[in-house]
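Numbering (UniProt numbering), first residue to last: 1 to 286.
Below is one structure, written out as structure tokens; the observations come after it.
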Amino acid sequence: MPELPEVEVVRRGLERWVAHRTVADAEVLHPRAVRRHLAGADDFTHRLEGHRVGTPSRRGKYLWLPLEDSGQAVLAHLGMSGQLLVQPHEAPDEKHLRVRVRFADEADTELRFVDQRTFGGLSLHDTTPDGLPDVIGHIARDPLDPLFDDEAFHRALRRRRTTIKRALLDQSLISGVGNIYADEALWRSRLHYDRPTATFTRPRSLELLGHVRDVMNAALAVGGTSFDSLYVNVNGESGYFDRSLDAYGREGLPCKRCGTPMRRRPWMNRSSYFCPTCQRAPRVPS
Ligand SMILES: [Zn+2]
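See the structure below:
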């Protein structure tokens, strides 16, 4: 699954190539791609036509295109393999092209949703007063959002009977932090993933948030280099950040800080990577 930095790279590409263009028509080539739009493919395309696309927006890993003067937005579910591509009209159709959107202007490009495994899709939703698609109205702000409230996050950590990695992946507390970036930020903070949050001091919470932001911004800085080209792309296997990972995927390799072999532990149907020396496990309460 793509994480926040990858989705933000796509959003920036869409902002450059698709924002403020008016939809001429849309074409659904595979009904599964709009299955979340319960009124069906014809209704989906009909509702897009004639509307101008506002500024593409993101919260956490959720990405949407507001449709001006409709009170609605197109939410993009990228799933495992979904891609949003901006292509010249004459470019041959991709093998797994699912939805095409043409625009009523002179630019010779169109928006394409391509998805090999069809877990992803596009759907239309009413927007909340904040401009969010209503189905994601409960998702917390992400740490790169200027309105994210660090103090409120710290207070929530103190209040909850939870452990830190669970908290980082809890979309009602903080959004957009996936498994990879959680492990990276915890390693930088020297925190074990199972540490209870109720005892966190304010400096500890704020330091952790700082590391979460640093890791995401580093990924953005690398991934952000490609959005200048006429190609908006995400596929979850981004790879451009792999070389700079300090924890995730490094089982058995020496910790970059102390040299101790890194460990991997099963964790909630996923894995947690950590240094047993730098990130001491909390003592089990008796
Ligand atoms: Zn270490």
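Idealized CB from N, CA, C, for every residue including glycine.
Would you mind giving the Cβ-Cβ distance between residue i and residue j, rounded to the nearest angstrom? I have them listed as a contact below 8 Å.
{"i": "glutamate 94", "j": "arginine 112", "result": "7 Å"}
{"i": "glutamate 184", "j": "leucine 245", "result": "6 Å"}
{"i": "aspartate 115", "j": "glutamine 83", "result": "7 Å"}
{"i": "tyrosine 181", "j": "glutamate 27", "result": "At roughly 36 Å, the Cβ-Cβ gap does not stay under 8 Å, so tyrosine 181 and glutamate 27 are not in contact."}
{"i": "arginine 263", "j": "proline 276", "result": "6 Å"}
Nearest CA to the CA of residue i: which residue from the options?
{"i": "leucine 186", "options": "Gly40, Val101, Ser205", "result": "Ser205"}
{"i": "histidine 89", "options": "Asp108, Gly82, Val99, Ala76", "result": "Asp108"}
{"i": "leucine 157", "options": "Pro5, Thr128, Ile174, Leu147", "result": "Ile174"}
{"i": "leucine 132", "options": "Leu63, Glu110, Val9", "result": "Leu63"}
{"i": "histidine 96", "options": "His30, Asp214, Gly79", "result": "His30"}
{"i": "valine 34", "options": "Leu78, Ala281, Arg160", "result": "Leu78"}
{"i": "valine 9", "options": "Thr201, Leu85, Asp130", "result": "Leu85"}
{"i": "glycine 40", "options": "Arg188, Leu124, Val212, Ser271", "result": "Leu124"}
{"i": "arginine 32", "options": "Asp130, Ala218, Arg264, Phe119", "result": "Phe119"}
{"i": "valine 212", "options": "Arg190, Thr199, Thr201", "result": "Arg190"}
{"i": "serine 271", "options": "Arg161, Lys165, Gly137", "result": "Lys165"}
{"i": "histidine 37", "options": "Tyr248, Ala76, Ser70, Arg16", "result": "Ala76"}
{"i": "aspartate 42", "options": "Val99, Pro5, Thr55", "result": "Val99"}
Which value, in whole angstroms, describes the spacing of the CA atoms of residue i and residue j?
{"i": "asparagine 269", "j": "asparagine 179", "result": "11 Å"}
{"i": "threonine 163", "j": "arginine 195", "result": "5 Å"}
{"i": "leucine 14", "j": "cysteine 258", "result": "42 Å"}
{"i": "glutamine 171", "j": "isoleucine 139", "result": "6 Å"}
{"i": "histidine 20", "j": "leucine 65", "result": "10 Å"}
{"i": "valine 7", "j": "valine 135", "result": "18 Å"}
{"i": "methionine 216", "j": "phenylalanine 274", "result": "18 Å"}
{"i": "serine 57", "j": "threonine 45", "result": "21 Å"}
{"i": "glutamate 68", "j": "leucine 48", "result": "10 Å"}
{"i": "histidine 192", "j": "arginine 250", "result": "16 Å"}
{"i": "proline 92", "j": "glutamate 110", "result": "12 Å"}
{"i": "valine 53", "j": "valine 18", "result": "7 Å"}
{"i": "aspartate 142", "j": "lysine 61", "result": "9 Å"}
{"i": "aspartate 25", "j": "glycine 50", "result": "8 Å"}
{"i": "arginine 283", "j": "proline 146", "result": "36 Å"}
{"i": "proline 129", "j": "arginine 59", "result": "15 Å"}
{"i": "threonine 260", "j": "alanine 281", "result": "15 Å"}
{"i": "alanine 218", "j": "glutamate 207", "result": "16 Å"}
{"i": "leucine 11", "j": "arginine 188", "result": "Here residue 11 is arginine; the residue named in the question, leucine, does not match the sequence. Roughly 27 Å separates the two Cα atoms."}
{"i": "arginine 159", "j": "threonine 201", "result": "12 Å"}
{"i": "arginine 161", "j": "threonine 199", "result": "10 Å"}
{"i": "glycine 239", "j": "tyrosine 248", "result": "With a pLDDT of 44 at glycine 239, under the threshold of 50, the modelled position of this residue cannot be trusted, and the question is left open."}
{"i": "arginine 265", "j": "leucine 169", "result": "17 Å"}
{"i": "proline 5", "j": "leucine 209", "result": "16 Å"}
{"i": "alanine 55", "j": "proline 203", "result": "Note that residue 55 corresponds to threonine in the displayed sequence, not to alanine. Distance between the alpha carbons of threonine 55 and proline 203 is about 36 Å."}
{"i": "tryptophan 267", "j": "glutamine 279", "result": "16 Å"}
{"i": "phenylalanine 214", "j": "lysine 256", "result": "The sequence shown places aspartate at residue 214, rather than the phenylalanine named in the question. Spanning the two alpha carbons is a distance of roughly 17 Å."}
{"i": "glycine 137", "j": "methionine 80", "result": "23 Å"}
{"i": "arginine 16", "j": "glycine 252", "result": "42 Å"}
{"i": "arginine 155", "j": "serine 70", "result": "38 Å"}
Less than 8 Å separating the beta-carbons of residue i and residue j?
{"i": "residue 287", "j": "valine 74", "result": "As displayed, the chain neither begins before 1 nor continues past 286, which places residue 287 out of reach and without an answer."}
{"i": "alanine 221", "j": "threonine 197", "result": "no"}
{"i": "glutamine 72", "j": "threonine 22", "result": "no"}
ask   = If you pair each beta-carbon of the stretch 99-114 with each one of the stretch 148-160, do three or more pairs fall below 8 Å?
value = no
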